[in-house]
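Chemist: Quick note, the sequence shown lines up with residues 222 to 646 if you use my numbering. Just so you know, even glycine gets a beta-carbon here, dropped at the ideal spot from N, CA and C. Remember, it's a predicted structure, so these values are computed and weren't measured experimentally.
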Amino acid sequence: DFRGYGWSAGQPSLATLFRDAEPFAEKLPEILVQHGLAWPYPSGLILSGCELGAQVAVHLAAMFSGLFRGLVLDSAAGTSATGDRCGHAAERSGALQRWRAELEKASLEVLQPLDADLRSLGALEKVRGYDGQLLVVHSLPDDDTPFESSESLHGAARMQRKELLLLKSKGRSEEYWVAMRRFCAKIQLDDSLPKVGAVVEHLCAICAEKATSKCGRCQKVWYCGRKHQAEHWKVHKVTCAGGPPESTPKIEPEAEACLEAALIVDVCSDCDIDALHLCFKAVVEQTEPTRALHMSWRAASSALAKRVRELVGDLSATAAVQQPPLMLAVVEAQQDASTCERLRVLVDNMWQSAPSHAWVAFPDAHGVWSPRYASVLLPTLRKAAADSRVVAVSCLRCAKGRKETCDGIVPVPLPSSDDVEAGIQ
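(1) For His232, count neighbouring C-beta atoms within 10 Å of its own C-beta (all shown protein chains included) and say buried if the count is 16 or more, exposed if not.
(2) Within the continuous alpha helix (DSSP H) that includes Val566, where are the two ends?
(3) Take the Cβ of His578 as the centre, count every other Cβ of all protein chains shown within 10 Å, and call the residue buried at 16 or more, exposed below.
(4) Considering Asp411, what are the terminal residues of the beta strand (DSSP E) in which it resides?
(5) Does DSSP put Tyr594 in a helix, a strand or coil?
(6) Count Cβ pairs between the stretch 283–291 and the stretch 347–359 that sit closer than 8 Å; are there 3 or more?
(7) If Met571 sits next to Arg512, beta carbons under 8 Å apart, how far is it from one beta carbon to the other, in whole angstroms?
(8) Return helix, strand or coil for His423, following the three-state DSSP convention.
(9) Given Leu651, which residues of its chain have a CB within under 6 Å of its CB, disregarding the five upstream and five downstream residues?
(10) Taking the beta strand (DSSP E) that Arg528 belongs to, which residues open and close that run?
(11) Between Ala278 and Ser269, is the Cβ-Cβ spacing less than 8 Å?
(12) Pick helix, strand or coil for Gln665, following the three-state DSSP scheme.
(13) Under the DSSP definition of a beta bridge, which residues are partnered with Ala550?
(14) Under three-state DSSP, which class holds Thr626?
(15) Return the first residue and the last residue of the beta strand (DSSP E) that Trp580 is part of.
(16) Span of the alpha helix (DSSP H) holding Ala503?
(17) Give me the Cα-Cα distance between Pro600 and Cys479, rounded to the nearest whole angstrom.
(18) Going straight from the alpha carbon of Val420 to that of Ala432, what length do you get?
(19) Under 6 Å Cβ to Cβ from Pro362, same chain only, skipping five residues before and after it: list those, please.
(20) Is it buried or exposed, Pro546, if we count other Cβ atoms within 10 angstroms and call 16 or more buried?
(21) Give the list of continuous beta strand (DSSP E) stretches no shorter than 3 residues that lie fully inside the stretch 427–451.
(22) With DSSP run on the structure shown, which of helix, strand or coil describes Ile252?
(23) Quick check on Val456: buried or exposed, where buried means 16 or more other Cβ atoms within 10 Å of its Cβ?
(24) Could you tell me which of Leu356, Ser434, Val504, Val357 sits nearest to Arg593, measuring between CA atoms?
(25) Pull up the DSSP beta-bridge partners for Ile267, would you.
(26) Measuring CB to CB, does Val358 end up less than 8 Å from Ala406?
(27) So the candidates are Ala526, Gln507, Leu484, Glu473; which of them puts its Cα closest to the Cα of Ser490?
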């Protein structure tokens, strides 16, 4: 107890409150040890002051900042008149009258003018010297202490970790205890708060200015900011925690995949026959075999239809001896069938014969695949198969032939898959 309070002798005075509290703070480590508690206390100590006791708490926090990680000011009483909104004569007079009434209720004799003591406390200047965490709580319906006093203390504090909570209800509401629990958790978890013992000044390894962070790997080298840490890493990585970190290769998930081709062909001339022959040859000559070829075709004349059947027969003979053999599914479409109807027939055939991990490519009947088309595409398909969100892959690399004519340069099909490969390279 302060002198004149409770069982303590003497006469109460605001001027002696601070002097009475200082010996307690000096004896605090000894008191904790005598009662079986660790010192320094592992999770940190929080200093709390309520109403007039907030003045004492600010005083002790300024004088013994190494002891306390956190400071709680609850309904803080009047502060220094300098820069304080409570310094207006009318407001201050009302506050002093309320305090006199409270002191008289407690049978305490006011030996010194209360307004003089309040003006000499200087709490605003003291709170500026505290660099721990601060929580200022005040109940707006409080008739004894104006909330402007708490606002002034919060505004004067220079630390970044500070919070002002103005409660709408009077007394210790649930909102009050939630704020207290949250503040205690922050004190326990934040290692950057003031610790007991001598203050060690760390300097930046680059500019020798005051450091605020350290290497997260070795915990030994300090920096003033992220920029200088990144700049120093090319030198520091050689010695950081036993040497540079080993690079671990990134392993991307893969799943099973195979490639099938689907063609919808309209044969209207001998040029279409030649292009179809090159297309068949490119599919068969892949360095990584294609599993199957599905084709829906129709011809403009019986002569052209005969030649298409001959091409399909030659392709079947070649596919049969290929290892693994190329599966063929060839359908001759009706002349009046639409493209959608023909595609539906192909899809029905693929649905019955293709495995679940098959991917279908739609080559241009007038285009030619590079011999490495499947071998380049399949690794990408295996990676895509591991991601259920991927349903299609686009391959944009291609080579086009050009021919100079009297009408200018016109595109022409490349004569072989080797020409395609050379064009891509």
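Modeler: Put simply:
(1) The residue given as residue 232 occupies position 11 in the sequence shown. Checking the sequence shown, residue 232 turns out to be Gln, not His. Answer is exposed; the Cβ neighbour count stays below 16.
(2) Within the sequence shown, residue 566 is the residue found at index 345, counting from 1. Here the alpha helix (DSSP H) through Val566 covers 560–574.
(3) Along the sequence shown, read from residue 1 onward, the residue named residue 578 stands at position 357. Result: exposed.
(4) As a working mapping, residue 411 is identified with position 190 in the sequence shown. Here Asp411 belongs to no beta strand (DSSP E), and DSSP marks it neither H nor E.
(5) Looking up residue 594 in the sequence shown gives position 373. Of the three classes helix, strand and coil, the one that applies to Tyr594 here is helix, per DSSP.
(6) yes
(7) Mapped onto the sequence shown, residue 571 falls at position 350. Mapped onto the sequence shown, residue 512 falls at position 291. Actually they are not in contact, since the Cβ atoms of Met571 and Arg512 sit about 11 Å apart, beyond 8 Å.
(8) As a position in the sequence shown, residue 423 is number 202, starting the count at 1. In the structure shown, His423 sits in coil (DSSP, three-state: anything other than H, G, I, E or B).
(9) This structure leaves residue 651 out entirely; the chain is present only between 222 and 646.
(10) Against the sequence shown, residue 528 aligns to sequence position 307. Unbroken run through Arg528 is the alpha helix (DSSP H), 523–542; no beta strand (DSSP E).
(11) Position 57 of the sequence shown, counted from the start, is the residue given in the question as residue 278. Position 48 of the sequence shown, counted from the start, is the residue given in the question as residue 269. Yes, the pair counts as a contact, with Cβ atoms nearer than the cut-off.
(12) Lying outside 222 to 646, the shown extent of the chain, residue 665 is not represented and no answer is given.
(13) Taking the first residue of the sequence shown as position 1, residue 550 is located at position 329. According to DSSP, which records beta bridges pairwise, Ala550 is partnered with His515.
(14) Here residue 626 refers to the residue found at position 405 of the sequence shown. If DSSP states are grouped into helix, strand and coil, Thr626 belongs with the strands.
(15) The count along the sequence shown starts at 1 and reaches residue 580 at position 359. Start and end: 579–582.
(16) Within the sequence shown, residue 503 is the residue found at index 282, counting from 1. From DSSP, the alpha helix (DSSP H) with Ala503 extends over 491–505.
(17) Working through the sequence shown from its first residue, we reach residue 600 at position 379. Working through the sequence shown from its first residue, we reach residue 479 at position 258. Taking the straight line from one Cα to the other gives about 10 Å.
(18) For the purposes of this step, residue 420 is taken as residue 199 along the sequence shown, with counting starting at 1. For the purposes of this step, residue 432 is taken as residue 211 along the sequence shown, with counting starting at 1. Caution is warranted here: a pLDDT of 44 is assigned to Val420, below 50, making its placement in the model unreliable, and the coordinate value is therefore given only provisionally. Spanning the two alpha carbons is a distance of roughly 13 Å.
(19) The residue you call residue 362 lines up with position 141 of the sequence shown. Closer than 6 Å at the Cβ level, and outside the excluded window around Pro362, lie Lys391.
(20) Translated into positions along the sequence shown, residue 546 becomes position 325. Classification for Pro546: exposed.
(21) none
(22) Here residue 252 corresponds to residue number 31 of the sequence shown, with the count starting at 1. Three-state result, Ile252: helix.
(23) As a working note, residue 456 is residue 235 in the sequence shown. Val456 should be labelled exposed.
(24) The count along the sequence shown starts at 1 and reaches residue 593 at position 372. Comparing Cα positions, the closest option is Val504.
(25) Translated into the one-based positions of the sequence shown, residue 267 becomes position 46. BP columns for Ile267 point to Gly291.
(26) Residue mapping note: residue 358 aligns to position 137 of the sequence shown, counting from 1. Residue mapping note: residue 406 aligns to position 185 of the sequence shown, counting from 1. No, these two residues do not count as a Cβ contact at 8 Å.
(27) Here residue 490 is taken as the residue at index 269 of the sequence shown, counted from 1. It is Ala526.
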